[in-house]
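Just so you know, the protein sequences line up as chains A and B, in that order. Per our numbering, residue 1 is the first one in the first sequence, and the count goes up by one each step. Per our numbering, residue 1 is the first one in the second sequence, and the count goes up by one each step. These notes concern the structure reproduced below.
There are 2 protein chains.
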Amino acid sequence: MSNTSIYTEKLRESGLRPTRQRLKICEVLFSPEKTFHFTINDLTKMIEDKMSEKISLATVYNTIHAFKKKGYLKEISINSDKSYFDTNVTEHHHFFDEDTNELIDCSNDDIDSVNIKKNITGKKIKSVEVLIKVASDNQNQN
Amino acid sequence: MSNTSIYTEKLRESGLRPTRQRLKICEVLFSPEKTFHFTINDLTKMIEDKMSEKISLATVYNTIHAFKKKGYLKEISINSDKSYFDTNVTEHHHFFDEDTNELIDCSNDDIDSVNIKKNITGKKIKSVEVLIKVASDNQNQN
DNA sequence: CAATAGTTTAGAATTGTTTTAATGTAAATG
DNA sequence: CATTTACATTAAAACAATTCTAAACTATTG
Numbered sequence: 001m002s003n004t005s006i007y008t009e010k011l012r013e014s015g016l017r018p019t020r021q022r023l024k025i026c027e028v029l030f031s032p033e034k035t036f037h038f039t040i041n042d043l044t045k046m047i048e049d050k051m052s053e054k055i056s057l058a059t060v061y062n063t064i065h066a067f068k069k070k071g072y073l074k075e076i077s078i079n080s081d082k083s084y085f086d087t088n089v090t091e092h093h094h095f096f097d098e099d100t101n102e103l104i105d106c107s108n109d110d111i112d113s114v115n116i117k118k119n120i121t122g123k124k125i126k127s128v129e130v131l132i133k134v135a136s137d138n139q140n141q142n
Numbered sequence: 001m002s003n004t005s006i007y008t009e010k011l012r013e014s015g016l017r018p019t020r021q022r023l024k025i026c027e028v029l030f031s032p033e034k035t036f037h038f039t040i041n042d043l044t045k046m047i048e049d050k051m052s053e054k055i056s057l058a059t060v061y062n063t064i065h066a067f068k069k070k071g072y073l074k075e076i077s078i079n080s081d082k083s084y085f086d087t088n089v090t091e092h093h094h095f096f097d098e099d100t101n102e103l104i105d106c107s108n109d110d111i112d113s114v115n116i117k118k119n120i121t122g123k124k125i126k127s128v129e130v131l132i133k134v135a136s137d138n139q140n141q142n
């Protein structure tokens with residue numbers, strides 16, 4: 001089953017033409033059942049593995065940025081040495097495992113809604129997200 | 001009033017010798033009344049402005065890393081293009097103003113404590129921090 | 001199909017960070 | 001307190017992630 005028309009639509013919505021390369025990016029990003037986290041490098045490797053064809057980093061970067069701008073991807077800030085992206089664009093929380101550097105989605109059911117009593121004047125709240133850092137019990141934090 | 005002995009102690013605790021350069025870093029970091037956020041570049045400029053003397057980036061990096069490791073500084077992940085640090089090492093929350101890219105501490109009194117119902121098996125929770133993104137009302141999110 | 005507007009690409013440039021190796025300094029030693 | 005040793009500082013080089021560039025290419029329009 002091909003979702004080409006859906007992908008084409010997403011690309012158009014993001015202001016991009018549906019090219020062969022970009023459709024492959026879409027397939028890797030949007031065909032899996034489960035959402036996932038990735039870096040640009042991960043994604044490039046996934047594309048090249050699955051598709052047995054090269055794709056230029058520049059193409060990946062500009063497509064990802066367009067998707068992010070449009071809201072089809074979210075950037076997550078955990079680690080400052082690389083950019084991480086999330087195909088789960090709903091507002092949600094994360095566990096970050098300091099032992100493995102793994103980022104794990106936290107179901108909204110697992111956290112009571114966060115009650116904020118005060119805001120910055122003249123500003124509207126756009127999102128509220130919780131980051132829970134975990135590590136194995138016997139490990140010291142660094 | 002000089003806090004040299006306090007700084008010397010902090011440096012020693014972090015496994016570093018108290019040198020002229022490092023004491024200057026301490027003065028900039030730990031003498032202000034209020035905690036603040038900074039990048040390595042900010043800090044280097046602050047030092048060179050205040051002290052009218054040059055300091056090598058490498059020295060700043062390694063001192064900051066030692067302080068972070070010891071827990072005298074915290075790294076904050078907002079933006080993946082630079083590392084941001086915080087002299088407020090208590091567990092606390094942040095507002096992030098998307099209009100100005102400004103990061104603002106959120107008093108713990110302003111958020112009810114976050115109730116987490118489930119955890120990753122075998123792991124211990126090290127910290128729970130909330131990031132509230134805000135923007136002016138009439139602005140579209142990007 | 002020709003013209004145009006946008007795309008891909010490899011490689012160069014840029015930026016933040018880390019490493020290196022030579023020189024300098026604090027602290028320990030005799 | 002001079003000497004030795006271990007650690008520091010520095011400028012510059014290396015490195016890694018990201019962005020930019022300019023030439024070749026492709027989709028779309030007229």
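The C-beta atom is built at its ideal place from N, Cα and C for all residues, glycine as well.
Ser14(A) does not reach chain B, its nearest Cβ partner there being about 13 Å away, counting only Cβ pairs nearer than 8 Å. For Ile120(A), no alpha helix (DSSP H) segment is defined, and its DSSP state is neither H nor E.
Secondary-structure assignment with DSSP links Val128(B) through a beta bridge to Ile132(A). Contact between Phe30(B) and Tyr61(B) is ruled out by a C-beta separation of about 18 Å, above the 8 Å threshold. Within the same chain, and ignoring the five residues on either side of Phe38(A) in sequence, the residues whose Cβ sits closer than 6 Å to its Cβ are Phe85. Buried is the label assigned to Leu131(A), since at least 16 other Cβ atoms lie within 10 Å of its Cβ.
The Cβ neighbour count for Leu57(B), taken over all protein chains shown within 10 Å, is under 16; the residue is labelled exposed.
If you check each beta-carbon in the stretch 86-103 of chain B against every beta-carbon of chain A, the ones closer than 7 Å belong to Phe95, Asp97 and Glu98. Sequence-distant Cβ neighbours of Ile76(A) in its own chain, meaning closer than 8 Å and more than five residues away, are His37, Tyr84, Phe85, Asp86, His94 and Leu103. With a cutoff of 8 Å on beta-carbon distance, Val134(A) and Asn119(B) are scored as near each other.
Rounded to whole angstroms, Ser14(A) and Ser136(B) show a C-alpha spacing of 24 Å. Remark: C-beta atoms of Thr35(B) and Asn88(B) approach each other more closely than 8 Å. DSSP lists no beta-bridge partner residue for Leu29(B). Runs of the beta strand (DSSP E) spanning 3 or more residues and lying entirely within the stretch 3-84 of chain A occur at 37-39 and 74-76, in chain order.
CA-to-CA, the gap between Val128(A) and Ile111(B) works out to about 11 Å. Ranking Lys126(B), Ile25(B) and Ile40(B) by CA distance to the CA of Lys82(B) puts Ile40(B) first.
Ranked by Cα distance from Lys69(A), the options Asp105(A), Arg12(A), Pro32(A) and Met46(A) are led by Arg12(A). Judged by beta-carbon spacing, Leu23(B) lies within the 8 Å limit of Thr4(B), meaning their Cβ atoms are closer than that value.
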